[in-house]
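Count the sequence shown with my numbering and you get residues -15 to 204, in order.
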Amino acid sequence: MDLLQGINTRQSIRGFKQTPVPESLLREVLQAAGRSPSYKNTQPWEVSIVSGKTRDALADKLFKLASDNTAPHYDFPAPESWPAAMDFRSKDHGTRRFNALGIGRDDSKLRNELRLQNFKFFGAPCAAFFFMDESLEHWSTLDMGLFLQSFTLAAHGAGLGTCMQASVSGYPEAIRESLGLPSSKKLIVAMSLGYPDMEAPINSYQSTRMEVDAFTTWHR
Ligand SMILES: Cc1cc2nc3c(=O)[nH]c(=O)nc-3n(C[C@H](O)[C@H](O)[C@H](O)COP(=O)(O)O)c2cc1C
-15 MDLLQGINTR QSIRGFKQTP VPESLLREVL QAAGRSPSYK NTQPWEVSIV SGKTRDALAD
45 KLFKLASDNT APHYDFPAPE SWPAAMDFRS KDHGTRRFNA LGIGRDDSKL RNELRLQNFK
105 FFGAPCAAFF FMDESLEHWS TLDMGLFLQS FTLAAHGAGL GTCMQASVSG YPEAIRESLG
165 LPSSKKLIVA MSLGYPDMEA PINSYQSTRM EVDAFTTWHR
């Protein structure tokens, strides 16, 4: 798969096969992601990959927290509001995703069940957690974003699916506790990871994008 094809065909995956992912393949993906650029080559990324019993125990713990409606406490506060255009895109995305699954606007029960799937990692056999040290600032967050995109693309190229999850990232203390990490390691984002199940109806949803001229100004 060439680079442009990879970028254009990646999508968030929310339904996975049970097939375990070989550690050697994950190492290849991590090695490629580690080639990401970073400010002064500081490479601030720290990654935890969970599978097997650790994954199952963590999923149970997160699912309970979310089912009990435990208030999330993000390491990096989630936005409380968006500028109008972004607010529109966010709501439009939600509507389209529910429509694709035939879930009605007022079906709060099904909508909540779908939300809770996040905390079971959508059935993925692996989950990844991306941390950076609390001493770091804005530029390192940018580096983390670059690493994350490289990771998702390398995973896609390797036949794996990913879904970044702000939802899961709302319980960083519980995650750190399970992974034996100190509170100085700040959780940027969680991710479900595994072989995509393209038969799963949820994966038929294709997100939309702005046209190039909607976000570009040409100064000729
Ligand atoms: C930082 C970040 C957090 C996200 N959190 C969630 C999440 O909690 N649950 C989810 O289903 N998708 C989540 N997504 C996936 C986005 O909804 C998705 O990237 C976007 O709608 C575009 O769709 P695509 O990835 O299929 O192109 C997240 C994506 C990013 C980059």
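Cβ atoms here follow ideal geometry from the backbone N, Cα and C, with glycine treated the same way.
{"Asked": "Throw me the rounded Cβ distance for the G143 and Y179 pair, which I believe falls under 8 Å.", "Found": "7 Å"}
{"Asked": "With a threshold of 16 other CB atoms inside 10 Å of the CB of A174, please say whether the residue is buried or exposed.", "Found": "buried"}
{"Asked": "Between W123 and Y23, which are expected to be in contact by the criterion C-beta below 8 Å, what is the C-beta distance as a whole number of angstroms?", "Found": "4 Å"}
{"Asked": "Any idea which residues DSSP pairs D117 with across the strands?", "Found": "K169"}
{"Asked": "Along the chain, where does the beta strand (DSSP E) containing S32 start, and where does it finish?", "Found": "E30 to S35"}
{"Asked": "Run the CB neighbour count on H140, radius 10 Å, all protein chains shown included, and call it buried at 16 or more, exposed below.", "Found": "buried"}
{"Asked": "Return the residue from the list R193, H77, N187 and R204 that minimises the CA-CA distance to S0.", "Found": "Per the sequence shown, residue 0 should be read as Phe rather than Ser. Of R193, H77, N187 and R204, the residue nearest in Cα terms is N187."}
{"Asked": "What residues in its chain sit with their C-beta under 6 Å from that of R81, if we drop five residues either side in the sequence?", "Found": "Y189"}
{"Asked": "Compute the minimum distance between the beta carbon of V31 and the heavy atoms of ligand 1, and state whether it is under 7 Å.", "Found": "no"}
{"Asked": "Residue range of the beta strand (DSSP E) that G145 falls in?", "Found": "G145 to Q149"}
{"Asked": "Run the proximity test for R(-2): is its beta-carbon closer than 7 Å to any non-hydrogen atom belonging to ligand 1?", "Found": "yes"}
{"Asked": "Do you know offhand how far A43's Cα is from C110's?", "Found": "10 Å"}
{"Asked": "Identify which residue in S153, F135, F60 and L137 has its Cα closest to the Cα of F47.", "Found": "S153"}
{"Asked": "Could you spell out the range, first to last residue, of the alpha helix (DSSP H) harbouring I159?", "Found": "P156 to L163"}
{"Asked": "I'd like the span of the alpha helix (DSSP H) that includes L132, first residue to last.", "Found": "H122 to G141"}
{"Asked": "Return the first residue and the last residue of the alpha helix (DSSP H) that M70 is part of.", "Found": "A68 to A84"}
{"Asked": "Nearest-angstrom Cα distance between K75 and A68?", "Found": "11 Å"}
{"Asked": "Within the same chain, show all residues whose beta-carbon is closer than 7 Å to that of Q2, passing over the 5 residues directly before and after it, in chain order.", "Found": "P109"}
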